[in-house]
Structure formats: C-alpha cells, structure tokens
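Just so we're on the same page, the numbering used here is the position in the sequence shown counted from 1, plus 15.
This report refers to the structure that appears directly beneath it.
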Amino acid sequence: MDSTDHPDNSAPDRLASEGSAPESSAQESLAQGGKHDALAAFRHRNFRLFTAARFLVICGIEMQSLAVGWQIYSITRRPLDLGLVGLAQFLPGLMLFWLGGHVADRFERRNVLLCCQAGFALCSLALLGITLRGIHGVGPIYCVLVGMGLIRVFNGPAGQAFAPLLVPPEIFPSAAAWGSGVFNAATIMGPLVGGLLYAAGGSPVPVYLTTASALLVACGLMSRLRVRGLQKGKRGATELLAGFRYVLKNRLILGSISLDLFAVLLGGAVALLPVYAREILMAGPRGLGLLRASPGMGAGLMALVLANRPLRRHAGAKMMACVAAFGVFTIVFGVSRNLYLSMAALFLVGASDMVSVIVRSTLVQLATPDEMRGRVSAVNMLFIGTSNEFGQFESGITAQWWGAVPAVIVGGVGTLLVVGLWSMLFPALRRVDELTPESLRAANVVPVAEQDLTDAQ
16 MDSTDHPDNS APDRLASEGS APESSAQESL AQGGKHDALA AFRHRNFRLF
66 TAARFLVICG IEMQSLAVGW QIYSITRRPL DLGLVGLAQF LPGLMLFWLG
116 GHVADRFERR NVLLCCQAGF ALCSLALLGI TLRGIHGVGP IYCVLVGMGL
166 IRVFNGPAGQ AFAPLLVPPE IFPSAAAWGS GVFNAATIMG PLVGGLLYAA
216 GGSPVPVYLT TASALLVACG LMSRLRVRGL QKGKRGATEL LAGFRYVLKN
266 RLILGSISLD LFAVLLGGAV ALLPVYAREI LMAGPRGLGL LRASPGMGAG
316 LMALVLANRP LRRHAGAKMM ACVAAFGVFT IVFGVSRNLY LSMAALFLVG
366 ASDMVSVIVR STLVQLATPD EMRGRVSAVN MLFIGTSNEF GQFESGITAQ
416 WWGAVPAVIV GGVGTLLVVG LWSMLFPALR RVDELTPESL RAANVVPVAE
466 QDLTDAQ
C-alpha cells in the first residue's frame, strides 16, 4: 500500500505538533481541485527549516568538492586521481548501504541527520588541518573522503525518507520539485563561491573553513525540527535487505533508478572539469567554478519551472526524452573548446537531468510505504552513488586511457544507447502518466507494491 493511504501514516499523524500544520488552506483547496499553490510546501515550518539546513549542507559540500578536485589535480596532474575522489566516497556506500537504510527506518531520522551533518563538519575541519600543515601527497585527503563516504551511507537514506514526513502527501510532488530546486541552487552557489574563495586565497583553506561553518549552522537549524510519528522497522538481519528485494520486484522503481544509474554513470563529465578548466579551456579556478555551477543553474531553473507547472501528463516518456537530451548535451560539451559554449552545454545537461530527478524521486517515494522508505531510499542512494561517485572513477579511468575529450564523447553516446535499451526493457516506465497516488493506483503500481512489501517482509 502506498504510504499516502496507509491508515497509520495519515498526514496529521506524520506532522509535527508545533509549526507543521499548514498556515493556510492551500492543501485543502488543492485537494478539492482548486488552483495549484506553488508555495504550499513552504507553509510548513518543518519543511522550511529542513530546506534551509539542506541548502547549507549541499552548498558547503559543493564548495569543498571543487577545492578538493583542484587541490588534488594541482598536486598530481593525473585524471585518474580525480576518479579516485569518487571511488573513495563510493566504496563505503557499496559495502554498507543496507545498514544506512536500516538505521533510517529504525532510529529517529532527525537525529541521524544531525549526527551526519556534525560528521561532515569534522571532515571539513580535517581537510583544513591537513592543508595548514602542508601536504606532499594526496593520501590523507583520500582518507578524509572515505570518511565522508561513510557518513553519506547514513545521511542519504535518512534525508530521503525524512522528506515525505514534512508535508502532506498531496503536495509532496511540489515539495520534491522545490527540494530539487533548492538542491540545484546550492550546486550553483557552492562552486561559484568556492572558486572565488580558492582564487582569492590561493589555497583551499578559506573554502574548508567556510564549509565547516555552514555545516555547523545547518546542525542548528536541524535541531529545531519537531517531527513525530516516524515509522520504525522491525529488528532482525532479514529486514536489512528488505529494501533491495522490494526494489528488485517492483519493475517501475527498478527501471527508473537503474536508468539514472547507467545514464549518469556513462555520461557524467563533472569529474573531468578540472582537466577541462586547466588544460582545454584555460579558465583557471574561476572558470572551474563557472563550469561546476552551470549544471546547477540549468537544473535549478528547470526545478522552478516544474514547481510552478508540474508534469501533468506523460511523465515517463518525458523523463526518457530528457535523459536522451542529457546524453546529447554531454557530447556537445565534450567537443567544445569555448568556455561559454561549454557552460551552455552543461546548463542544458543540468536542465534535462532535473526532469529525470524529479520524476524518479517522486515515483519512488509515493510508491513506497513509510515503514520501507529508509531501506528503499538506501537502495536508491546506492544507485545514485554508483552513478555519481563511481561514475567519477569511470570517467577518470577512461580519461587516463583515451584522454578527457574522447572519454566524455563516448560517455554521451553510451547514455543514448541506454535510453533506447531501457525503453524496451521497461515499457511500463515509458507509459507512466501523472505523478499522483491516484494515477499510480490506476496504473496498478500500488497494488504491485503491496504484494512486493508482503513478499519482502
């Protein structure tokens, strides 16, 4: 059964007793077929606090990622070492994803997120200390990155499973779009500020200090959240992998998250941006900041469009078309030798990817019962981590073998091939129409999910 219809997961029971009830009748008018209220999610105090904290976390991590990439490439000048940045953060998730989902379902998710944000701040301070002492190798930096990967094992599932508890289910698609918009606003500001701080200071020290400060402020905001009625999963080793079994048996969820996995795994060019900025476009750290911010600009604009004008029909077909566009614009970036053309291509890469992100995240959350969300989110985060962090490793390896430009072009072509194959392997995904609980029930997605949950448990 979809969590929005579970008798134990009604909206009043899942919202905090203070400040979480809507401050207007937006959700009632929407439920009665009234005009769409694009700001309905922000009328919930918990959503505002969570969104502000999330913005600071992502902005800080993006600043730090830019600094780490430029610092490592300045030391070694090897694309492979940029790939190892992704691998160091991916391996903990590969080995422990099942534990992260279990913790998200077993313990209060707000406390899990607080611990994770404090851990991220400690990692930033560790990078600051390593840099101030002076380094002659990249080994200590990779050790800190492994620690960050370990924290992400718990942060990702808890954050994804926590979000649906902040707003009523009928406005969750809009909240998901706003959440994606805020995420991408942070991915715009983070690299821009990080590049300016790095260029101004001539070192990553100001970046790491600013990141640690932002993360500590995020901890303060998160501590003010008050959410009750969280579901707790059952104890026992068999429950740890229930989310994985659930995803494997629900082909709609499996198709959506695996499409993103292989498309971004092959088409990801972000890991090679330091190479492009330094050696191909001759743009320096400021140019790297602009390149890193460009996908976020496109994604943020698309998220704002979708928050105000949600996808009404043919969501699955539109998602696949946009993933194909992601591959096309990746190829354009790969062949570009002009900074502004490269920025425009990355802008369109981010815009097309955002459609896939919103469709996938909404579908996964609405088609998963609350008591399973943490474990299903852990599987989703494993797929996302594989496409992002392991995708960085794949890009570094292929760039080391073939050069940066062929690696990016081949990846874009591979993305196009994946879209064609997935449209044949998962026809139900292509036929998804509206992103609402009612539409999912009409498409027999929720009854299948009910049976999958029974089998998984």
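Note that the Cβ used here is the ideal one computed from N, Cα and C, for glycine as well.
Are Phe-70 and Val-197 closer than 7 Å when you measure CB to CB?
-> Yes, the Cβ-Cβ distance between Phe-70 and Val-197 is below 7 Å.
Between Phe-122 and Gly-270, is the Cβ-Cβ spacing less than 7 Å?
-> Taking 7 Å as the Cβ cut-off, Phe-122 and Gly-270 do not qualify as a contacting pair.
If we ignore side chains and look at the alpha-carbon of each, how far apart do Ala-53 and Leu-147 end up?
-> If you draw a straight line from the Cα of Ala-53 to the Cα of Leu-147, it comes to about 46 Å.
Assign Thr-383 to one of three DSSP states: helix, strand, or coil.
-> The answer is coil: DSSP assigns Thr-383 none of H, G, I, E or B.
CA-to-CA distance, Ala-308 to Ile-346, given in whole angstroms | The C-alpha of Ile-346 lies about 18 Å from the C-alpha of Ala-308.
According to the Cβ coordinates, are Phe-348 and Leu-361 closer than 7 Å?
-> Against a cut-off of 7 Å, the Cβ pair of Leu-361 and Phe-348 comes out as a contact.
Segment limits, alpha helix (DSSP H) that includes Asn-199 | First-last of the alpha helix (DSSP H) with Asn-199: 187 to 216.
Please go through the same chain and pick out, in chain order, the residues whose beta-carbon is closer than 6 Å to the beta-carbon of Phe-398, but skip the five residues on each side of it.
-> Hits under 6 Å: Ile-272, Leu-276.
Considering only the beta carbon of each residue, do Leu-180 and Val-127 sit closer than 7 Å?
-> Their beta carbons are not under 7 Å apart, which means Leu-180 does not touch Val-127 by this criterion.
Assigned secondary structure, Ala-68 (DSSP; H/G/I helix, E/B strand, else coil) = Taken through DSSP and simplified to helix, strand or coil, Ala-68 comes out as helix.
Between Leu-305 and Leu-288, is the Cβ-Cβ spacing less than 7 Å?
-> Cβ atoms of Leu-305 and Leu-288: not closer than 7 Å.
With 16 other Cβ atoms within 10 Å as the buried cut-off, status of Trp-416 = Exposure of Trp-416 is indicated by the presence of fewer than 16 other C-beta atoms within 10 angstroms of its C-beta.
Ordered along the chain, which non-local residues of its own chain (more than five positions away) have a Cβ less than 7 Å from that of Leu-354?
-> If we look at Leu-354 and ignore the five residues flanking it on each side, its Cβ neighbours are Leu-296, Ala-298, Gly-302.
Under the three-state reduction of DSSP, which class applies to Glu-404: helix, strand or coil?
-> Glu-404 falls in the helix class under three-state DSSP.
Using DSSP with H/G/I as helix, E/B as strand and the rest coil, what is Thr-353?
-> The displayed chain sequence assigns Asn, not Thr, to residue 353. In the structure shown, Asn-353 sits in coil (DSSP, three-state: anything other than H, G, I, E or B).
Beta-carbon proximity list for Ala-136, same chain, < 6 Å, skipping 5 on both sides | For Ala-136, where only same-chain residues beyond five positions count, the Cβ hits under 6 Å are Ala-227, Leu-230, Leu-231.
Classify Leu-326 as helix, strand or coil using the three-state DSSP reduction.
-> Of the three classes helix, strand and coil, the one that applies to Leu-326 here is coil, per DSSP.
Of the residues Asn-199, Ser-238, Val-83, which one's Cα is nearest the Cα of Cys-484?
-> The question about residue 484 has no answer, for the chain in this structure spans 16 to 472.
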